[in-house]
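In this note's numbering, the protein residues as written are 5 to 602.
This is how it looks when you write it as structure tokens:
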């Protein structure tokens, strides 16, 4: 890269020679323009300089002095456009006018030096163009939308993942009722190996490749195209809203033993609405608040189970752990309970744009959260099934509070009830954050109308929060089992698209930048996805006819909704736009094997 050297002043404009190879210049050349220096002391704007073959033959066009730039004979890629002070603007020789560096084109060789420099710590992500924007002559660059919200650090992110996935052992009681203690304990040890670890690893790799709020929507869009990206977003958002409708139900189920009026009727409806409004407002106030609230709620939710485990030690009978009757197993309820309690690891990807240094923070937080989730399920089940006599009919939602009363007394039972209520609040706010930021990310990609990308003064997606809260209220009348089965069905379809996207990107773009990469090759990636795919097929096959019909109807709505929104965009009834701050996934660099674009 050349450095600027002071030359004697010239009386007329002078353009030094620029050597161009005859190969294709990409992106298409922008007509060159340079601002004439004024001698009245006005500030001189930096020019955006580019030369095409036709421009090379033209005579000088202004009084500006443009120093020579050498272009490599290779094709100039979008990554080669860097705001830099590699070449100086024309010197203002009068009145000490302030001089600013221009935006210049850097050769591939210079760009390679920049990429391999020790000072460049962050890898270039998929399709990234270093936030450069192509501007035509006479066109003003669109202002970037800057959020004033603080970024989320490791500890709050761990507990946000914890609440996205688990929230504690509340809701695992059905696994004992469906299959007995042995299968319940084995399920929460084996199932993470088959499902949770592969999903968490894929989330870590893909989430660091695409550190933006679209999350899995962007993964699928890049690999399979925008149509399937929209379907992914629709199914995952709908399953998330259905999932969130469950938490007010669980919250009230844990309190109804002490407050019987909350078991049904108008008091229950009013309680659901009041709880939804309060927690929705918390999401509105900011993600960092939600993150630290999740930390406080998480500690409060886990602590009573640690105490229960210590109190239960003298009462443990290991023979109670191995009770099993394979002829009396409700496999549908058993697998749905395991699946529901150990999925949604990918939901945190829709918050990647709000995470501090996601390339390092996201994989680390997923690792810590995985350990926390497995222990928070297994140890309470170990204590509860080993310390009291088995009665499978009693092991249903909310039974852990009764177990705690038997083991430690009424005070421990009340503590578990309070922890359950707090846990459901944590799961609600974490899930709503993920759902609402997903809608914001889809709007920034032009998949939804632009108003979904508007942020509140707290940096939160206001319209996304309102839409998600409305869905929760509409679906909160469903029963626990219906909610779990319906959301699992939709979630399975979404996970199939994620696995396909992950494998396709590994095959077609093996050399692409992956800040975190699962240490397996292409064959290992395919093998890793086979066990969870088999599990998905089993969960789908065991679904009831009612759940299948409702879920397939929801999928059909998504298939019609995407072309409908395209028609609305074509007619300009609503405004759609793609954020200038995001890399282009669908158009640039189709011929480069190391660039991940559709």
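The beta-carbon is built from N, C-alpha and C at its ideal position, and this holds for glycine as well. Computed from a predicted model, the values in this text were never measured in an experiment.
CA-to-CA, the gap between residue 248 and residue 436 works out to about 7 Å.
Nearest in C-alpha terms to residue 201, of all of 440, 349, 390 and 363, is 349. Contact between residue 547 and residue 489 holds: CB atoms are separated by about 6 Å, below the 8 Å threshold. Under the three-state reduction of DSSP output, residue 449 falls in the strand class. Separation of residue 527 and residue 513 (C-alpha to C-alpha, rounded to the nearest whole angstrom) is 14 Å. Residue 578 sits exposed, since fewer than 16 C-beta atoms from the chains shown fall within 10 Å of its C-beta.
In this chain, the alpha helix (DSSP H) harbouring residue 220 covers 220-228. Relative to the Cα of residue 352, the nearest Cα in the group 272, 320 and 241 belongs to 241. Note that the C-beta distance between residue 346 and residue 204 is not below 8 Å.
Rounded to whole angstroms, the separation of the alpha carbons of residue 520 and residue 363 is 7 Å. By the Cβ test, the stretch 425-433 is in contact with the stretch 250-266, since at least three Cβ pairs between them sit closer than 8 Å. Around the Cβ of residue 301, a 10 Å sphere holds 16 or more other Cβ atoms; the residue is buried.
Taking the C-beta atoms as reference points, residue 392 is found nearer than 8 Å to residue 410. In terms of Cα proximity to residue 175, the closest of 568, 559 and 192 is 192. Non-local C-beta neighbours of residue 497 in its own chain, meaning closer than 6 Å and more than five positions away in sequence, comprise 239, ordered along the chain.
Here residue 518 carries a coil assignment [DSSP, helix/strand/coil].
Residue 449 and residue 438 have their C-alpha atoms roughly 17 Å apart. Across the set 415, 412 and 404, the C-alpha of 404 shows the shortest separation from the C-alpha of residue 424. By alpha-carbon distance to residue 305, the top candidate from 386, 495, 172 and 508 is 172. With a minimum length of 4 residues, the unbroken runs of alpha helix (DSSP H) contained wholly in the stretch 261-295 fall at 269-288. Closest in alpha carbon position to residue 294, among 311, 434 and 440, is 434. Residue pairing of residue 459 in beta bridges, as defined by DSSP: 465.
Between residue 313 and residue 383 a beta carbon distance of about 6 Å is seen, short of the 8 Å cut, so the two are scored as contacting. Under the three-state reduction of DSSP output, residue 559 falls in the helix class. The beta carbon of residue 492 sits closer than 7 Å to the beta carbons of 340, 343, 344 and 543 from its chain, once the five residues preceding and following it are set aside; these are given in chain order. As summarised for the stretch 291-365, the continuous alpha helix (DSSP H) elements at least 4 residues long and confined to that stretch are 291-316 and 335-345, given in chain order. Closest in alpha carbon position to residue 585, among 468, 445 and 390, is 445.
Under DSSP, residue 582 takes part in a beta bridge, and its partners are 449. Your pair residue 359 and residue 155 checks out as a contact, with CB atoms roughly 6 Å apart and the cut at 8 Å.
Looking at the backbone, the Cα of residue 368 and that of residue 223 are separated by about 20 Å. Two segments are said to touch when three or more pairs of C-beta atoms, one from each, lie closer than 8 Å; by this definition the stretch 164-171 does not touch the stretch 321-337. Burial is judged here by how many other beta carbons sit within 10 angstroms of a residue's own beta carbon; residue 533 has at least 16 and is buried. Cβ neighbours of residue 417 within its own chain (closer than 6 Å, five residues either side excluded): 405, 408 and 409. The DSSP-derived three-state label of residue 176 is coil.
Annotated as proximal: residue 443 and residue 465, with beta-carbon spacing under 8 Å. When DSSP states are grouped into helix, strand and coil, residue 524 belongs to the coil group.
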